[in-house]
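Before any comments, here is the structure.
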Amino acid sequence: MISDLFSVTVLIGILASGIRLSTPYLYAAIGETFGQKSGVLNLGVEGQMLLGAFAAFYVALTTGNLWLGVLAAMIVGALMGLAMAYVTVNLHAQQGISGIGFYLFGLGMSDLLFQKLMGTVETVKGFPEIYFPGLSDIPGIGKIFFSQNILVYGAYLLVPLAWFVLNKTTLGLKIRSVGENPDAADSLGVSVARIRYFTIILGGTLSGVAGASMSIALLNVFQQNMTSGLGFIAVALVYFGAWHPVGVLGGALLFSLINSLQLWIQVLGIPIPSDIAVMMPYVVTILVLVATVSRVRAPSALTKPFERGD
Amino acid sequence: MQSRLNSLIDALLPVLATLAALLVGAVMLIFLKVNPIVAYKALWDGAFGSSNAFAETLVKATPLLLVGLGICISFRGDVINIGGEGQMIIGAVFATWVGLTLTGLPGWLTITLSMLAGFLGGAIWGGIPGVLKAYFSVNEILSTVMMNAIAVQLMNFLLRGPMIDPEQALKASQIPQTARLEEIFRLPRLVPTRLHLGALIAVILAVLVYILLWRTTLGYRIRAVGQNPHASRYAGIKVQRYIVLALLLSGAFAGLAGATQVFGVNYRMITDGSSSGFTGSAGFNGIVAALFGGLHPILTIPASILFGALLVGANKMQRVVQVPSALITALNGLVVVFVVSSEILRKRRQQRREAVAKRENDSSPPPSGSGDKQLNQAEAGS
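Chains as they are written, first to last, in the numbering used here: chain A, 1 to 310; chain B, 311 to 692.
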C-alpha cells in the first residue's frame, strides 16, 4: 500500500517536472516551425538560446526585474534572428552552415560575456510557481497543471496560437505559400523576403525566450554551454512534429518526460545506467523520423534561397 | 591570365572573411578595454612564437584536418555531415578498445589495427545517417546531430562502466576514464615536442582524398551526385549508394581524428560528460576549416593550421590579457558566417564572367565554370 502511494507521488512528480522541462523545447521549436514553414532552416537556435539565457540572467541579476530579463532575451534573440535573416535572405548563404556559424558565435559570446561580466556562477530567484486558489490544491492535477511558473503557461498558450496563426490567418497563408512555392507567392505580390525576415526574427525572439526560460525560470543559474544541445533537439522536434505545432508539442513532451523520468530514476537510485536513459529520446526521435518522413513532406522551398526570375 | 586572376580573388575571399572576423574581434576587445594589438600579438606568439608553440598548433590542427577531409568528401556530395563530434567519439572508443585489448601484439601492429578500428567506428557512426538519408529520406543534419548526442551518452556509459580504468573502479572517486595506453602502443612523436605521427598521417591522407575526389570514379560519382542527383540518376549512377558512401567516408575520417587524439595526445579516454570535453569541438571546427579551404583537401591543410593556431593562441591570449578564449569560439562562428556569405560574391562574379564571355564570342564553345571543368576532367579520367 505504501509503495502504491509512493509510486503515485513519483508519477505526479515525473509529470509535473516533465511539463516544466518542456518549456524551452516548446518556445524554440515553435519559433523554428515558423521559420521552416517559410522555407528557412535556422540551425543557430542553440546559439540564440545561449545568448538569450545569458541576457535574461544578467539583466535579471543586475536589475532585479525578471520581466526586463525576458525582454533582454527577446531583443538579443531578435537581433541574432535579424543577422541570420540578412545572411540567408539577402546573401543566399547556405542555411545549415551559416546556422552552425551562429551557433558557434552564440556559444563563444555567451561564455565570453559570462566570464567578463560575472566570472562566477550566481543564482537568481526565478519566476515563482503560480498558486491558483482551489485549483492548485486538487490532489495530483493541481501539482501537475496548476503549480507551474508563468513561462510554462506562456509556452503552452503559444501552441494553439501558433496553430491558429499558421492555419487560419492571411499571414499564415503567406508564410506557408512562401515556404511551398515562393515563385507563385511572389507573382501574387507577397514579399518573400519580408515574410522570411518576419519568421526568422520571430524564431530568434522565441529562442531567446527559450533561453530565458532556462536561466531565470527552470534552473535559475547561468553556466557556459548550459543548453548542451537542447537547441539542436528543438530543430529536430520540428521535423518530428511534421511542421505542426501540436506535433511539436508531442515531441517536446516526449523528450521532457523521458528526461524527467531519468532524473527520478537517479533520485530514487534505481540501478539503470542514467546515460542509457538519457540516450533514449534521441534514439526514439531517429526511429520516429524514419517512420514518419515517408508520410510527411517538408515545405518544398526549405533551405532554398529565393531569387526572383530564375 | 584573366581567369587565373579571378580564381586568385576567389581563393582570397575566405582570407578576407577571416580578416573581417578579426576586425570584429578587435572591436569587441576594445569594448572589453583590452588593447587589440597586444591581444593579437599574444595570440600570434602563443601559436607560432616557439617551436613548442608551433608544434602545439600542429597538434591542434591534426583533428581539424582529419575531420575537414571527411567534410570535403561529404559536402562535395551535397551531404551535410554535422556529426563529426559523435563520429570522433565512436572512432576513439573503437580504437581505444583495440589498443587496450590487443596488448600481445607488436606495437606497430596494434597501433595500425587501432587506427583502422577508429576509421571503422567513425564509418559506422557516419554510415547509419547515410543509410537513413539514402533509403528513408531522413534529413542527415538532424540524424547526425542525434547521433552526436547518442555517442556522448554511449561514451559516458562505457567510461563509467565496461571500459573504466580498473584502478578507478576500485576507488571511491570512480573518475570516468579508461586505463592508459602502454607506451609502445602510442603514436610516436616526430620531433622532441608533442607533435605526433598523426599529423603526418593526416597530411598524407589529404593528398589521398584529393586523388580520391578528382582522380577516381568513386570520387567523380560522389561529386556528380552532389552537383546534380537527377542527372546522375539518369546517367545510371546509383545515387543512394553514393550518398551512403559520402557520409560513411566522412564519418571514417572523423573517427580517425578521434583515434589519433587518444593515441597521439591523451593516451586514454576521459569524459567530463560533454562531447566537447573529449573532442575540443574539433567535430564542428573541422567543418569551419574545410569550408575555409573551399572544400579542397589540400587547401584544408593550411586552413586547419590557421584554426589550430587560433585555438592554441587563444590560451596564451587568455593568460596575457585575461580575455577568455571563448572569444575565439565566437570569432570562429563569425568566420563561418562570413565565408558562406561571401559565396554570393563568387557566384555573382562567375555569372558576370559567363555573361561577358557569351556576349563576346558566341561561335566558340561555351566557357565552363571551374566546377564543370573539373567534372569533365574527372569524367575523362574515369
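Ideal Cβ positions, reconstructed from N, Cα and C, are used throughout, including at glycine. All of these numbers come straight from a predicted model, not from anything done at the bench.
C-beta atoms of residue i and residue j nearer than 8 angstroms
i             : j             : result
residue 432/B : residue 564/B : yes
residue 536/B : residue 394/B : no
residue 211/A : residue 52/A  : yes
residue 162/A : residue 28/A  : no
residue 205/A : residue 74/A  : yes
residue 304/A : residue 31/A  : no
residue 380/B : residue 560/B : yes
residue 97/A  : residue 601/B : yes
residue 18/A  : residue 228/A : no
residue 371/B : residue 587/B : no
residue 532/B : residue 512/B : no
residue 469/B : residue 627/B : no
residue 208/A : residue 76/A  : yes
residue 103/A : residue 43/A  : yes
residue 497/B : residue 570/B : yes
residue 105/A : residue 440/B : no
residue 488/B : residue 406/B : yes
residue 127/A : residue 150/A : yes
residue 444/B : residue 400/B : no
residue 250/A : residue 241/A : yes
residue 275/A : residue 466/B : yes
residue 638/B : residue 621/B : yes
residue 486/B : residue 411/B : no
Span of the alpha helix (DSSP H) around residue i
i             : result
residue 184/A : 182-187
residue 255/A : 245-268
residue 346/B : 346-358
residue 303/A : That residue, residue 303/A, is in no alpha helix (DSSP H); it is neither H nor E in DSSP.
residue 207/A : 192-213
residue 590/B : Here residue 590/B belongs to no alpha helix (DSSP H), and DSSP marks it neither H nor E.
residue 540/B : 539-544
residue 612/B : 607-631
residue 111/A : 95-113
residue 361/B : 361-386
residue 456/B : 450-470
residue 551/B : 549-570
residue 443/B : 417-446
residue 76/A  : 66-85
residue 404/B : 394-411
residue 662/B : 636-670
residue 230/A : 230-240
residue 50/A  : 45-63
residue 476/B : 476-480
beta-carbon residue i near the ligand FAD non-hydrogen atom, thresh 7 angstroms
i             : result
residue 324/B : Looking for the ligand FAD in the displayed structure turns up nothing, as the structure carries no ligands at all.
DSSP beta-bridge partners of residue i
i             : result
residue 123/A : 221/A
residue 499/B : 506/B
residue 580/B : 487/B
residue 129/A : 149/A
Nearest-angstrom Cβ-Cβ length linking residue i and residue j, presumed shorter than 8 angstroms
i             : j             : result
residue 85/A  : residue 201/A : 6 angstroms
residue 567/B : residue 377/B : 5 angstroms
residue 252/B : residue 523/B : For chain B, the structure presents residues 311 to 692; residue 252/B sits outside this window and is missing.
residue 610/B : residue 492/B : Contact flag wrong, Cβ pair sits at about 33 angstroms.
residue 392/B : residue 448/B : In fact, because the Cβ distance is near 13 angstroms, the residues do not count as touching under 8 angstroms.
residue 33/A  : residue 245/A : 6 angstroms
residue 281/A : residue 254/A : 7 angstroms
Chain E contact for residue i (CB, 8 angstroms cutoff)
i             : result
residue 236/A : Among the protein chains in the structure shown, which are A and B, there is no chain E.
Against chain B, which members of the segment 81-96 of chain A pass a CB distance test of less than 7 angstroms? 87, 91, 92, 93, 94 and 96
Any residues in the segment 250-277 of chain A with a beta carbon nearer than 7 angstroms to a beta carbon of chain B? Which ones, in chain order? Those residues of the segment 250-277 of chain A that come within reach of chain B (Cβ to Cβ, closer than 7 angstroms) are 273, 275 and 276.
Give the residues from the segment 435-457 of chain B that approach chain A closer than 7 angstroms (Cβ to any Cβ), ordered along the chain. 442, 446, 447, 448, 449, 451, 452, 453, 455 and 456
Chain B contacts from the segment 103-121 of chain A (Cβ-Cβ distance under 9 angstroms): Those residues of the segment 103-121 of chain A that come within reach of chain B (Cβ to Cβ, closer than 9 angstroms) are 103, 104, 105, 106, 107, 108, 109, 110, 111, 112, 113, 114, 115 and 116.
Below 7 angstroms between beta carbons is the criterion; list the residues of the segment 281-302 of chain A that meet it against any residue of chain B, in chain order. Considering only beta carbons, the part of the segment 281-302 of chain A lying closer than 7 angstroms to chain B consists of 282, 283, 285, 286, 289, 290, 293 and 294, in chain order.
Between the segment 465-476 of chain B and chain A, which residues of the former have a C-beta closer than 9 angstroms to a C-beta of the latter? 465, 466, 467, 468, 470 and 471
Mind checking the segment 330-341 of chain B against chain A and listing, in chain order, the residues whose C-beta falls within less than 9 angstroms of any C-beta there? 338
Residues of the segment 213-238 of chain A with Cβ closer than 8 angstroms to any Cβ of chain B, in chain order: 224, 225, 228, 229, 232, 233, 235 and 236
Using a Cβ-Cβ cut-off of less than 7 angstroms, list which residues of the segment 570-594 of chain B approach chain A; keep chain order. 584 and 594
Listed in chain order, which residues of the segment 606-620 of chain B have Cβ atoms closer than 9 angstroms to some Cβ of chain A? none
Looking at chain A, which residues of the segment 636-653 of chain B have a Cβ within less than 9 angstroms of any of its Cβ atoms? 636, 637, 638, 639, 640, 641, 642, 643, 644, 645, 646, 647, 648, 649, 650, 651, 652 and 653
Using a beta-carbon distance cut-off of less than 7 angstroms, what residues from the segment 623-634 of chain B approach chain A? 634
The segment 378-395 of chain B: positions lying closer than 9 angstroms to chain A by Cβ: 385, 390 and 392
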